[in-house]
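Residue numbers (our numbering): 993 to 1167.
I have placed the structure first, in the form of structure tokens, so that the comments after it can refer back to it.
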Amino acid sequence: MIEQGTKTLLIRRGVLVLLLLGAGILQSCVLPFAGGFHVYYLLPLCVVIAMFEKEIPGAVFGIVGGCLWDLTTAIPDGATALFLAVIGALCGLLTRYFLRNNLASAYLLSGVATLIFSVGHWFFFVVLTQTPGSAAALVKFYLPQMLLTLLIVPFVYFIVRAIEKEFRLPGEARY
């Protein structure tokens, strides 16, 4: 027989995996916003999950989210899974030891992660391939994409927070 605490933890993490799967489907299948900009749904979701679940589960959720993301890219090399695993572990560590778990921290961590990912993607896939107009691509494509991604952070934060509150273990920290 499974203990009640273990059962609650498995249900909570199962719901979070389903949320990651839904975000992956939204990110890869839903039509882009006006102007052809995509929103990175998985990036802030992995950051916020790591903020609540802490470092090791945050890294695992980052790997799962990154694998979902890598399945839909032109070059499924696992780089996104590695990036999200590192981001998940760092966000979990920062939230455990230095930052409070609140919306401002979610914005800060999601903003930094989105900035690093977008500028890295722009550098490796636009600048290094010597694409003409690479500076314009950063301003006209990547910057609006980053801003659109930051618009969904409050929704993601409050959805994950509600899941964490619903399936909180006895004696676990309150959020």
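Even glycine gets a Cβ: it sits at the ideal position worked out from N, Cα and C.
Measure the alpha-carbon distance for residue i versus residue j and round it to whole angstroms.
| i | j | result |
| --- | --- | --- |
| Val-1148 | Phe-1133 | 23 Å |
| Ala-1077 | Ala-1129 | 27 Å |
| Phe-1150 | Glu-1156 | 10 Å |
| Val-1031 | Gly-1058 | 15 Å |
| Phe-1117 | Thr-1106 | 16 Å |
| Ile-1090 | Phe-1075 | The amino acid at residue 1090 is misidentified as Ile; the sequence shows Phe. Each residue's alpha carbon lies about 21 Å from the other. |
| Leu-1100 | Leu-1012 | 21 Å |
| Leu-1120 | Gly-1112 | 11 Å |
| Val-1131 | Trp-1114 | 11 Å |
| Leu-1140 | Thr-1065 | 20 Å |
| Leu-1161 | Leu-1010 | 20 Å |
What residue from the options has the CA that sits closest to residue i's CA?
| i | options | result |
| --- | --- | --- |
| Val-1145 | Leu-1085, Gly-1057, Gly-1050 and Cys-1038 | Cys-1038 |
| Ala-1098 | Gly-1080, Gly-1112 and Ser-1110 | Gly-1080 |
| Leu-1015 | Leu-1060, Thr-1121, Gly-1006 and Gly-1028 | A small correction: the amino acid at residue 1015 is Ala; Leu does not occupy that position in the sequence shown. Comparing Cα positions, the closest option is Leu-1060. |
| Val-1056 | Pro-1068, Ala-1073 and Asp-1069 | Ala-1073 |
| Ala-1096 | Pro-1068, Asp-1069, Leu-1143 and Ala-1066 | Leu-1143 |
| Ile-1048 | Leu-1161, Val-1152, Ser-1126 and Leu-1086 | Leu-1086 |
Thinking C-beta only, is residue j closer than 8 Å to residue i?
| i | j | result |
| --- | --- | --- |
| Phe-1159 | Thr-998 | no |
| Arg-1088 | Lys-1046 | yes |
| Leu-1035 | Phe-1109 | yes |
| Phe-1029 | Gln-1137 | yes |
Between residue i and residue j, which are expected to be in contact by the criterion C-beta below 8 Å, what is the C-beta distance as a whole number of angstroms?
| i | j | result |
| --- | --- | --- |
| Asn-1093 | Phe-1044 | 7 Å |
| Ile-1041 | Leu-1018 | The pair is not a contact, with the Cβ atoms about 16 Å apart (cut-off 8 Å). |
| Gly-1103 | Gly-1050 | Not quite, the Cβ-Cβ distance comes to about 17 Å (not below 8 Å), so this is no contact. |
With a threshold of 8 Å between beta carbons, is residue i in contact with chain D?
| i | result |
| --- | --- |
| Lys-1157 | Among the chains in the structure shown there is no chain D, since it carries only a single protein chain. |
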